[in-house]
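Read the structure below first, then the notes.
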Amino acid sequence: MPSSRDLLDDARRVIPEVTPEQVRSQNGARILIDVRERDEFEQGYISGAVHVSKGHIETRIEDAVPDRDTPITLYCAGGTRSLLAARAIRELGYTDVQSMSGGFNGWKQAGFDFAMPAALTPEQKIRYSRHLLIPEIGDEGQRKLLDAKVLLIGAGGLGTPAAQYLAAAGVGTIGFVDFDVVDLSNLQRQILHTEDRIGMRKTESARIALQALNSDVVVREHNEMLNSDNAREIFEQYDIIVNGCDNFPTRYLANDVALFTKKPLIDGGIFRFEGQLTTVLPFASPCYRCRYPLPPPPEEAPSCAEAGVLGVLPGVIGVLQAVETIKLITGIGEPLAGRLLHFDALAMKFREFRVPRDPQCPVCGENPTITAPIDYAGFCAAPLGRATEAVGAGEAVHA
Amino acid sequence: MALTVRIPGPLRRLTNGSAEVAVEGTTVQEALQNLDTSYPGFRDRLYDDQGKLRQFINIYVNDSDIRFGDGLETKVVEGEEISIVPAVAGGADPPLSMPASMPTEPNTGMLQTTA
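Residue numbers (my numbering), protein chains in the order written: chain L, 1 to 399; chain E, 1001 to 1115.
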């Protein structure tokens, strides 16, 4: 029988150990995971660290860090549990795992700053009481929601119902990227906007509505057109991206940049009485391009020729996007990854289609050819012949 | 061999509004040919000039994408369901949802982000 010392020596042979000073100088370049128990974490933790206790590390690491090549540093109280946890996830295929020697105690002794999780206020305990009663969410899940940052692409038919429930649920930071202003024809479905805010920027109108609902929520306005130049910088500020855009260039842009920045993407689309929904976990589940390698050429755009939408339809899809978002934030349930949910309002039927990852995908496949934002307007406006030739050859779509 | 083909909203004008129609066929290709015979217009919407299935349209047999199976040669048996699922832009504002009218000037309104 090996002793615990043997086990540790074994682990040390495969897991590099780093000092608190080294971790501090990494300055966010690696994902930091606190593997202590929840009650220890609540006494203070290294700012930016994600909490996954050692007992759950094998089952929860894939949700916390989908990409197995992500550089990860683990720490515990003294450096022992993190060493064993590091070996466990290395065996799961994580390629770059370190353990911090000396642990959180060593960090504090070095005099480095640390963060304290915010406890729920008495008012928050009442406001979120129906969440706190659910064991799967509870106090821990609610605090995750309050700490979460979610970006909504579009403050329109999908974004506004999604945001309304996210704000009600206490998602602490909600960002909108949209440069449009509120129009009378929006009010049939874009439920955060009102008659007296017609003409106002949608991001501002949405902020007013959400802050009236929940003052816990910080709303950030990105009153600009999402494009290849700003998308990465905007996405970096958030944990999860909810896509409610209305055009193919933005849909491909959001997909690609979500992958580049490794942010989960909840993608929703609507047409008249039908909606589609899927969740993209970067490099762990199929992306939008795996499903639809090319957009329709302009002259064939099926959603362009016959317009209109039942007002409540984006509400259904937007609210389902909020459900997916809350599940990802709190780490509960099965995300809609690798599956396309299709909703037909007229038949009142939900169907599910399986979507595999495409090894030929130009962004998340085995040999990616698109590794930075491209010219999406050009990509979506490409004549059919050229677009067809461009399949699987990312550089060709620059032309 | 009666199969059900599920028609997406954008193509229902070809089937006089029907959301699903019955066709015969032993492969997806055959079924789609018969669909086009009964409801002309599908061929042009589903295939490109080279006769290949367009990349923005997914065809599922039950819940599986045929691209990851035997493609158009995927076998089908009586009672199975073929679903045609095109990419949807997501919008309700057609002039802004696709660059159809502005292929040479990809700027104004192109990337408007409002479903």
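Glycine included, every Cβ here is placed at the ideal spot set by N, Cα and C.
Taking 4 residues as the minimum length, the alpha helix (DSSP H) runs contained wholly in the stretch 18–43 of chain L are 20–26 and 38–41, in order along the chain. Using a Cβ-Cβ cut-off of 7 angstroms, Y1060(E) is close to F353 of chain L, given in chain order. The alpha carbon of F379(L) has as its nearest neighbour, out of S4(L), P295(L), T325(L) and P362(L), the alpha carbon of P295(L). The contact set of E274(L) on chain E, defined by CB atoms closer than 8 angstroms, consists of P1008, G1009 and V1088 in chain order.
Taking S99(L) as the centre and dropping the five residues before and after it, the same chain places the C-beta of I15, E17, L74, S82, L83 and A86 closer than 6 angstroms to its C-beta, in chain order.
Among the residues of chain L, those whose CB is under 7 angstroms from the CB of Q1055(E) are Y292, P293, L294 and V391, following chain order. In this structure, the straight-line span from the alpha carbon of Y1060(E) to that of I191(L) is close to 34 angstroms. Taken in chain order, the whole beta strand (DSSP E) runs of length 3 or more contained in the stretch 94–129 of chain L are 97–100. Contact between I198(L) and L184(L) holds, with the beta-carbon distance rounding to 6 angstroms and staying under 8 angstroms.
Annotated as proximal: L346(L) and F273(L), with beta-carbon spacing under 8 angstroms. A1031(E) does not reach chain L, its nearest Cβ partner there being about 17 angstroms away, counting only Cβ pairs nearer than 7 angstroms.
C290(L) and L259(L) do not touch by the CB rule: their CB atoms are close to 11 angstroms apart, not below 8 angstroms. Neighbours of V1085(E) in chain L, taken as residues whose beta carbon is under 8 angstroms from its own, are Q276, L340, H342 and F353 in chain order.
Note on geometry: alpha-carbon atoms of L145(L) and Q1050(E) lie some 50 angstroms from one another. In the three-state scheme derived from DSSP, where H, G and I count as helix and E and B as strand, V1085(E) is classed as strand. Interface flag for D1036(E) against chain L is unset, since no Cβ pair is found closer than 8 angstroms. At least 8 angstroms separates the CB of G365(L) from every CB of chain E. The DSSP assignment places 376–381 as complete runs of the alpha helix (DSSP H) inside the stretch 330–385 of chain L, in order along the chain (cut-off: 4 residues). Against chain L, a Cβ distance below 9 angstroms from A1019(E) picks out D344, L346 and A347.
Chain-order list of chain E residues neighbouring F271(L): G1009, P1010 and V1088, by C-beta distance under 7 angstroms.
If you look at E221(L), you'll find it in the beta strand (DSSP E) that goes V218 to H222.
If you draw a straight line from the Cα of E123(L) to the Cα of D216(L), it comes to about 11 angstroms.
Per DSSP, G275(L) is one residue of the beta strand (DSSP E) stretching across E274 to V280.
Nearest neighbour of D375(L) by Cα position, chosen from D344(L), V171(L), A254(L) and P282(L), turns out to be A254(L). M225(L) counts as buried, since no fewer than 16 other beta carbons sit within 10 angstroms of its beta carbon. In this chain, the beta strand (DSSP E) harbouring T73(L) covers I72 to Y75. The stretch 1008–1017 of chain E and the stretch 1038–1049 of chain E touch, with no fewer than 3 CB-CB distances between them shorter than 8 angstroms. Residues of chain E with a Cβ closer than 8 angstroms to the Cβ of P356(L) are, in chain order, D1065 and F1068. Contact fails between the stretch 43–59 of chain L and the stretch 4–15 of chain L, because fewer than three Cβ pairs, one in each stretch, are under 8 angstroms apart. When secondary structure is reduced to three states using DSSP, E1073(E) falls in the helix class.
Per DSSP, the unbroken beta strand (DSSP E) holding K149(L) starts and ends at K149 to I153. Under the 8 angstroms criterion on CB atoms, R251(L) is classed as interfacial with respect to chain E. The Cβ atoms of I270(L) and L313(L) sit closer than 8 angstroms to each other.
Of the candidates G55(L), N27(L) and R30(L), the residue whose Cα lies closest to the Cα of R36(L) is G55(L). With respect to A88(L), E58(L) sits close: the two C-beta atoms are nearer than 8 angstroms. C-alpha of G141(L) to C-alpha of D67(L): approximately 23 angstroms in a straight line.
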